[in-house]
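Numbering (the numbering used here), first residue to last: 6 to 136.
Structural data, given as structure tokens:
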């Protein structure tokens, strides 16, 4: 019973990640973060659909080691996400910064890409220049 719920949750999360990754890739840039989102969505969706077949295939041999390596990588990634979320809670901005780095954003000519949002950038520039 519990494994069925986990498979359905994995399938739902995978589909959401795929849809999010496709939307971001179409409306903005295809970068490493978007590619990893699409890959994670594909893996979760596949696991949600073929969980029993994957479990039988990875039950023994070298592929079992690969399964545990992938699991360790996922746990490491979740740990890094939690660490970054906890570390980012503190606001160290003093409005005297010379530059702003936004991961996943790009500049096309004089226009910022969708992730950073031109309005946010303009408001941030006003605050920084007002100091």
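Note that beta-carbon positions come from the ideal geometry of N, C-alpha and C, so glycine has one too.
Residue i lies in the alpha helix (DSSP H); which residues open and close that run?
i: residue 2; result: Residue 2 falls outside the range modelled here, since the chain spans only 6 to 136, and no answer is possible.
Exposed or buried, what is residue i when buried is set at 16 or more other beta-carbons lying within 10 Å of its beta-carbon?
i: residue 26; result: buried
i: residue 17; result: exposed
i: residue 19; result: buried
i: residue 112; result: exposed
i: residue 29; result: buried
i: residue 11; result: exposed
i: residue 84; result: exposed
i: residue 32; result: exposed
i: residue 46; result: buried
Please name the residue or residues paired with residue i in a DSSP beta bridge.
i: residue 79; result: None, per the DSSP bridge assignment.
Just to check my reading of the structure: residue i and residue j have Cβ atoms closer than 8 Å, yes? What is that Cβ distance to the nearest angstrom?
i: residue 49; j: residue 97; result: That pair is no contact at about 34 Å.
Any C-beta of chain C sitting closer than 9 Å to the C-beta of residue i?
i: residue 12; result: Absent here is chain C; the protein component of the structure consists of one chain.
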